[in-house]
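Following my numbering, the numbering of the sequence shown begins with 131 at its first residue and continues without gaps.
Backbone N, C-alpha and C define an ideal beta-carbon position, used for all residues, glycine too.
Source: prediction; values computed, not measured.
Below is one structure; the comments refer to it alone.
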Amino acid sequence: MTSVYRQAAKHVTNPRVIYRGGPYMRTPWFLLASASFALAGLNFASFVRDFLCWPLFPTGDKQPELVNKPTRYAAAGGVLMLSLLCSWYFAYAPSRMVTRLTVFPAEELLGVRTAMPPATRFLPRPIREMAFFRRAGSPSMDDPRERFVHLADVYRLQGSAVGAEVSELQRIVKEGTTLPQDRAAWLSKAGSQVARADVQDTLLLRVADARLAFQLAGAPHRRTVLNEPPLSGLRKALHLLWRGATDWEVPPNYVEPPAEKAVREKRAAHGVDTEPWFLDRAKFDRLFPLDRTRYSKKK
Numbered sequence: 131m132t133s134v135y136r137q138a139a140k141h142v143t144n145p146r147v148i149y150r151g152g153p154y155m156r157t158p159w160f161l162l163a164s165a166s167f168a169l170a171g172l173n174f175a176s177f178v179r180d181f182l183c184w185p186l187f188p189t190g191d192k193q194p195e196l197v198n199k200p201t202r203y204a205a206a207g208g209v210l211m212l213s214l215l216c217s218w219y220f221a222y223a224p225s226r227m228v229t230r231l232t233v234f235p236a237e238e239l240l241g242v243r244t245a246m247p248p249a250t251r252f253l254p255r256p257i258r259e260m261a262f263f264r265r266a267g268s269p270s271m272d273d274p275r276e277r278f279v280h281l282a283d284v285y286r287l288q289g290s291a292v293g294a295e296v297s298e299l300q301r302i303v304k305e306g307t308t309l310p311q312d313r314a315a316w317l318s319k320a321g322s323q324v325a326r327a328d329v330q331d332t333l334l335l336r337v338a339d340a341r342l343a344f345q346l347a348g349a350p351h352r353r354t355v356l357n358e359p360p361l362s363g364l365r366k367a368l369h370l371l372w373r374g375a376t377d378w379e380v381p382p383n384y385v386e387p388p389a390e391k392a393v394r395e396k397r398a399a400h401g402v403d404t405e406p407w408f409l410d411r412a413k414f415d416r417l418f419p420l421d422r423t424r425y426s427k428k429k
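The structure is reproduced here in structure tokens:
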């Protein structure tokens, strides 16, 4: 059912970015991990094919012996399949990690930009335009990393924007650190209103008919919550080397609101930004209600 906030969004004419973030790991690291699993799997599968023995270790008078050829080939195939699945995950994951969400009220569309273009970009155009490969929306003609989907077809599967902030604040409290007075008051109020299952650092979105969910980071940084100075020196370098940067790129023909521009410039002054940004966390959760059909029992 279309939420009240989706109906209210129709009265806004200009596109509006409601979320900006980055992957929990830079895309090159994902690709490196993918290549490592693939190469290691090929190497180990080759070893299993030629040298698999049983038992693996000597037991009493029984010494390891080379197993028969069909068993060795079957085991090697299993090893190769497992490694390729791991490789596929790391290569595919960035195309399911959301870095920007843009609402187009006039068209009732949502622009979903990810850390990497979907794998379908490399397919021939006739195949790419088949309905099966457009289940997660229609690709943008201007941006290979963005796709468009009807706003009414996007729901939260798990987590919430408010719950992600609650998760970080609760973690700080458990460490024994005192929160600023305004944040402590907010936590006391919001913590009782958010479902425990939604108190986590990330959110999962169901986008149209896609079988795999889209993930986005939601937790604010500890230093922002406590009003501490940003990281510097070696700690900053290591953080930026690992974490993906927040996507502050401006969409085509987008009029950036002054408040959003001010946040972008403030964060840019501290260097590369890796903290997620929401236009409004509470309204974000209401715009994308929880999809409860996933947890309902099939009759």
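- Boundaries cannot be given for F263, as no beta strand (DSSP E) includes it and DSSP labels it neither H nor E.
- Counting only the Cα atoms, G401 lies some 29 Å from W316.
- Taking 4 residues as the minimum length, the alpha helix (DSSP H) runs contained wholly in the region 353 to 428 are 363 to 372, 388 to 398 and 411 to 417, in order along the chain.
- Y222 carries a helical assignment under DSSP once its states are collapsed to helix, strand and coil.
- Between R286 and L335, the gap from beta carbon to beta carbon is short of 8 Å.
- Note on geometry: alpha-carbon atoms of R243 and L364 lie some 31 Å from one another.
- Within the same chain, Cβ atoms closer than 7 Å to the Cβ of L342 are found at R226, the five residues on either side in sequence being excluded.
- Three or more Cβ pairs drawn from the region 396 to 415 and the region 364 to 378 lie within less than 8 Å of each other, which places the two stretches in contact.
- As the crow flies, the alpha-carbon of M260 is around 17 Å from that of P274.
- Across the set F167, F160, V178 and P269, the C-alpha of F167 shows the shortest separation from the C-alpha of L215.
- Inter-residue distance for P194 and L210 is about 23 Å (C-alpha atoms, whole angstroms).
- Cα atoms of R416 and E238: separation of roughly 16 Å, rounded to the nearest angstrom.
- Between L161 and A221, the CB-CB gap stays under 8 Å.
- Nearest to G321 by C-alpha distance, out of K304, Y219 and S297, is S297.
- Straight-line spacing of the CA atoms in M155 and R397 works out to 19 Å.
- The straight-line gap separating the alpha-carbon atoms of V279 and F263 is approximately 13 Å.
- R341 is not bridged by DSSP to any residue.
- Q330 sits in coil when the DSSP states are folded into three classes, being neither helix nor strand.
- By alpha-carbon distance to T332, the top candidate from R411, H369 and P382 is R411.
- G207 is positioned such that its CB atom lies no closer than 8 Å to that of A347.
- The distance from the Cβ of V284 to that of F418 is about 6 Å, consistent with a contact at the 8 Å cut-off.
- At least 8 Å separates the beta-carbon of R255 from that of A266.
- Collapsing the DSSP output to three states places G152 in coil.
- G241 is bridged by DSSP to T232 and F278.
- Note on geometry: alpha-carbon atoms of A175 and D421 lie some 41 Å from one another.
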